[in-house]
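Undergrad:
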Amino acid sequence: LVSAWTQTPTKWYPLPLAVGALLLVMIRYHKKSGRAEKEVHVDEEGHEVIKLKGPWQVHVMSALPLRNMSRVWGYMNSFELPIWIRPYGFRFYAYAFGCNLEEIEPSDLTKYANLGQFFNRQLKAGARPVDNVALVSPADGTVTRCGTIDNLHIEQVKGITYSLDALLGVEPSDPTPQETLACDKSLGVRKRSISGTSVRDGNSLYFTVIYLAPGDYHRFHSPTAWVVEKRRHFVGKLFSVSPHIAKRLKNLFVLNERVAFLGRWKYGFFGMIPVGATNVGSIKVNFDLALRTNVRGRLPPPGTYTEDIYSEASPLLKGHPLTPAQEMGGFYLG
Amino acid sequence: STIVLVFEAPKTFEFAIKAGQKVKVGNRLGDV
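As given, the protein sequences belong to chains A and B, one line each in that order. For the working numbering, count along the first sequence from 1 and bump the result up by 1448. For the working numbering, count along the second sequence from 1 and bump the result up by 24.
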């Protein structure tokens, strides 16, 4: 190898013109596609238009009927399993995905009729001690990003951001009667103006993203003492939200189906947004039994949502009060 | 599935977590 490296004569010769031209075309294409990734398309009102952006694999994935696949997956996992197979099946699942079977309630695995029930298992009382601080984790999982929100954009992964307005939805400004009706009666509402993003002097906006892996406990809890004033349901796609996809698919969290709970805590605005995924397409909320997610039907345009106001839950607080670590709901298969 | 928290807090707020860290319900995320 050494002699080949040192003694082999180097012969230089000009590249054919066609190869050089092809190289230039490729460099130009790369630069252009890079610019296209960074371009932000806005509508006539100046709001960002949410579009699917990513490599070709993402576009192939978007062509799949992910919502139907999710519902079929949920349906398959709703069949009752024979009692004898349940302990073996759930122990294998726990081994494969790292579930702690000692903390679940009930601990008798034959009590779970199917994987759907086991997936949404509850924990024994005291299994999750709650720290006495301002903000605690609402779920078991992995923190993928956290930090401050700059220019009303949240970082999905390093270098890829999405709009806070697109994530939370925007209230209609100067609503016409039709728009007011749409807002109240859960029809599609087109975003109009920024809401919930103004901060008091001396405050900042912060964000945290927690990813729940398949084996994790999939119920979510209140992260602090706060009052939920409204929820916005964004019907959308159901892409996988694994870190692998999050690195490749821009706008992932504003394309997927999600429920945004908006309200206030002692320091001002507070929002919590559970985002669905292909295998975990349904979100249920303990204090909002009317909410139905991942149902059949045509997808509305991205950015539209249905809204419900919780002012009747507590007229004094004008919302639904929650205590730290109080169970709010959970993610379900399908 | 994923949960995103967006909140307003005083500039003295400090996260007690970092990206990649595993957390469980009730664990400290941050405090003022």
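Quick reminder that beta carbons are idealized off the backbone N, C-alpha and C, glycines included.
Report the three-state DSSP secondary structure of residue 1685 of chain A (helix, strand or coil).
TA: Sequence index remark: in the first sequence, residue 1685 of chain A carries index 237 (1-based). Correct three-state label for residue 1685 of chain A: strand.
Undergrad: Under three-state DSSP, which class holds residue 1544 of chain A?
TA: Start at 1 with the first residue of the first sequence, and residue 1544 of chain A comes out as number 96. Helix, per DSSP.
Undergrad: Which chain B residues are close to residue 1567 of chain A, counting only those with a beta carbon under 7 Å from its beta carbon?
TA: The residue labelled residue 1567 of chain A in the question sits at position 119 within the first sequence. By Cβ distance, chain B contributes nothing, its closest Cβ being about 11 Å from residue 1567 of chain A, past 7 Å.
Undergrad: For residue 1763 of chain A, does the count of other Cβ atoms within 10 angstroms reach 16, so buried, or fall short, so exposed?
TA: As a position in the first sequence, residue 1763 of chain A is number 315, starting the count at 1. The residue is exposed, with fewer than 16 neighbouring Cβ atoms inside 10 Å.
Undergrad: Residues of the stretch 1580-1593 of chain A with a CB closer than 8 Å to any CB of chain E: list them in chain order, please.
TA: Annotation note: the requested chain E is absent from the structure, which comprises protein chains A and B.
Undergrad: Enumerate in chain order the residues of its own chain whose CB-to-CB distance from residue 1504 of chain A is below 8 Å, with the five nearest sequence positions on each side excluded.
TA: As a working mapping, residue 1504 of chain A is identified with position 56 in the first sequence. Excluding residues within five positions, none has a Cβ falling inside 8 Å.
Undergrad: Closer than 8 Å by beta-carbon distance: list the chain B residues that pair up with residue 1577 of chain A, in chain order.
TA: Along the first sequence, read from residue 1 onward, the residue named residue 1577 of chain A stands at position 129. Within chain B, the residues near residue 1577 of chain A are 50.
Undergrad: If you follow the alpha helix (DSSP H) that residue 1523 of chain A is part of, which residue opens it and which one closes it?
TA: Here residue 1523 of chain A corresponds to residue number 75 of the first sequence, with the count starting at 1. Residues 1514-1524.
Undergrad: Tell me, which residues are paired with residue 1757 of chain A by DSSP?
TA: Taking the first residue of the first sequence as position 1, residue 1757 of chain A is located at position 309. Bridge partners of residue 1757 of chain A: A:1678.
Undergrad: Under 7 Å: does the beta carbon of residue 1751 of chain A sit that close to some heavy atom of the ligand MN?
TA: In the structure shown, the ligand MN is absent, as is every other ligand, since no ligand is present at all.
Undergrad: Please specify which runs of the alpha helix (DSSP H), each continuous and at least 4 residues long, are wholly inside the stretch 1538-1623 of chain A, giving them in chain order.
TA: 1563-1567 and 1612-1616, all fully within the stretch 1538-1623 of chain A.
Undergrad: Taking one C-beta from the stretch 1660-1668 of chain A and one from the stretch 1742-1758 of chain A each time, how about it: are there three or more such pairs within less than 8 Å?
TA: No contact exists between the stretch 1660-1668 of chain A and the stretch 1742-1758 of chain A.
Undergrad: May I have the straight-line CA-CA distance separating residue 1476 of chain A from residue 1502 of chain A, to the nearest angstrom?
TA: Position 28 of the first sequence, counted from the start, is the residue given in the question as residue 1476 of chain A. Position 54 of the first sequence, counted from the start, is the residue given in the question as residue 1502 of chain A. Those two C-alpha atoms are separated by around 19 Å.
Undergrad: At the level of alpha carbons, what is the spacing between residue 1540 of chain A and residue 1698 of chain A?
TA: Translated into the one-based positions of the first sequence, residue 1540 of chain A becomes position 92. Translated into the one-based positions of the first sequence, residue 1698 of chain A becomes position 250. Between residue 1540 of chain A and residue 1698 of chain A, the C-alpha separation is close to 35 Å.
Undergrad: Would you mind giving the Cβ-Cβ distance between residue 1512 of chain A and residue 1535 of chain A, rounded to the nearest angstrom? I have them listed as a contact below 8 Å.
TA: On the first sequence, position 64 is the one that residue 1512 of chain A refers to. On the first sequence, position 87 is the one that residue 1535 of chain A refers to. Incorrect: roughly 34 Å between the Cβ atoms, too far for contact.
Undergrad: In angstroms, rounded to a whole number, what distance separates the CA positions of residue 1694 of chain A and residue 1718 of chain A?
TA: In the first sequence, the residue the question calls residue 1694 of chain A occupies position 246. In the first sequence, the residue the question calls residue 1718 of chain A occupies position 270. The alpha-carbon atoms of residue 1694 of chain A and residue 1718 of chain A are separated by roughly 24 Å.
Undergrad: What's the C-alpha gap between residue 1577 of chain A and residue 1665 of chain A?
TA: One-based indexing of the first sequence puts residue 1577 of chain A at position 129. One-based indexing of the first sequence puts residue 1665 of chain A at position 217. Residue 1577 of chain A and residue 1665 of chain A: Cα-Cα distance of roughly 15 Å.
Undergrad: For residue 1449 of chain A, does the three-state DSSP call read helix, strand or coil?
TA: Position 1 of the first sequence, counting from 1, holds the residue named residue 1449 of chain A. Reduced to three states, the DSSP call for residue 1449 of chain A is coil.
Undergrad: Please confirm whether residue 1701 of chain A and residue 1604 of chain A have their CB atoms less than 8 Å apart.
TA: Taking the first residue of the first sequence as position 1, residue 1701 of chain A is located at position 253. Taking the first residue of the first sequence as position 1, residue 1604 of chain A is located at position 156. Yes, the pair counts as a contact, with Cβ atoms nearer than the cut-off.
Undergrad: With residue 33 of chain B as the anchor, note down where its beta strand (DSSP E) starts and where it stops.
TA: What you label residue 33 of chain B is simply residue 9 of the second sequence in a count that begins at 1. Residue 33 of chain B -> beta strand (DSSP E) spans 26-34.
Undergrad: Does residue 1668 of chain A get closer than 8 Å to chain B when you measure Cβ to Cβ?
TA: Here residue 1668 of chain A corresponds to residue number 220 of the first sequence, with the count starting at 1. Output row for residue 1668 of chain A: interface = yes.
Undergrad: Going residue by residue through the stretch 1686-1753 of chain A, where are the continuous beta strand (DSSP E) segments of at least 3 residues, counting only ones entirely within it?
TA: Within the stretch 1686-1753 of chain A, the complete beta strand (DSSP E) runs of at least 3 residues are 1706-1713, 1716-1723 and 1730-1733.
Undergrad: Give the single residue among A:1553, A:1517, A:1777 and A:1500 whose Cα lies nearest to the Cα of residue 1574 of chain A.
TA: As a position in the first sequence, residue 1574 of chain A is number 126, starting the count at 1. Out of A:1553, A:1517, A:1777 and A:1500, A:1553 has the C-alpha closest to the C-alpha of residue 1574 of chain A.
Undergrad: Give the secondary structure of residue 1768 of chain A by DSSP, where H, G and I count as helix, E and B as strand, and everything else as coil.
TA: Working through the first sequence from its first residue, we reach residue 1768 of chain A at position 320. Reduced to three states, the DSSP call for residue 1768 of chain A is strand.
Undergrad: DSSP puts residue 1501 of chain A in a beta bridge; with which residues?
TA: As a first step, residue 1501 of chain A is located in the first sequence; it is residue number 53 there, counting from the start. A:1698, per the DSSP bridge assignment.
Undergrad: Spatial neighbours of residue 1674 of chain A within its chain, please: C-beta separation below 7 Å, excluding the five flanking residues on both sides.
TA: In the first sequence, residue 1674 of chain A corresponds to position 226, counting from 1. These residues qualify, in order along the chain: 1711, 1712, 1713, 1718 and 1770.
Undergrad: Would you say residue 1651 of chain A faces chain B, with C-beta separation under 8 Å as the test?
TA: By 1-based counting over the first sequence, the position of residue 1651 of chain A is 203. True, the Cβ-Cβ gap to chain B drops below 8 Å.
Undergrad: Could you tell me the distance, in whole angstroms, from the CA atom of residue 1467 of chain A to the CA atom of residue 1583 of chain A?
TA: Taking the first residue of the first sequence as 1, we reach residue 1467 of chain A at position 19. Taking the first residue of the first sequence as 1, we reach residue 1583 of chain A at position 135. Each residue's Cα considered, the two are about 59 Å apart.
Undergrad: Can you pull the DSSP bridge partners for residue 1656 of chain A?
TA: Indexing the first sequence from 1 puts residue 1656 of chain A at position 208. In DSSP, residue 1656 of chain A forms a bridge with A:1594 and B:29.
Undergrad: What does a CB cutoff of less than 7 Å around residue 1651 of chain A pick up in its chain, not counting 5 residues either side in sequence?
TA: Mapped onto the first sequence, residue 1651 of chain A falls at position 203. Contacts found: 1715 and 1716.
Undergrad: With a threshold of 8 Å on Cβ separation, who are the neighbours of residue 1625 of chain A within its own chain once the five nearest residues in sequence on each side are excluded?
TA: The residue you call residue 1625 of chain A lines up with position 177 of the first sequence. Legend: pLDDT at residue 1625 of chain A = 34, less than 50; position of this residue unreliable, value from coordinates given subsequently. Nothing listed; no residue qualifies.
Undergrad: Can you tell me where the beta strand (DSSP E) with residue 55 of chain B in it begins and where it stops?
TA: On the second sequence, position 31 is the one that residue 55 of chain B refers to. Unbroken beta strand (DSSP E) run through residue 55 of chain B: 52-55.
Undergrad: Which residues does DSSP pair with residue 1780 of chain A in a beta bridge?
TA: Against the first sequence, residue 1780 of chain A aligns to sequence position 332. Residue 1780 of chain A is bridged to A:1730.
Undergrad: Closer than 8 Å is the cut-off here; do at least three beta carbon pairs connect the stretch 33-53 of chain B with the stretch 1724-1737 of chain A?
TA: Short answer: they don't touch.
Undergrad: Which residues does DSSP list as the beta-bridge partners of residue 1667 of chain A?
TA: Start at 1 with the first residue of the first sequence, and residue 1667 of chain A comes out as number 219. Note: residue 1667 of chain A sits in a beta bridge opposite A:1778.
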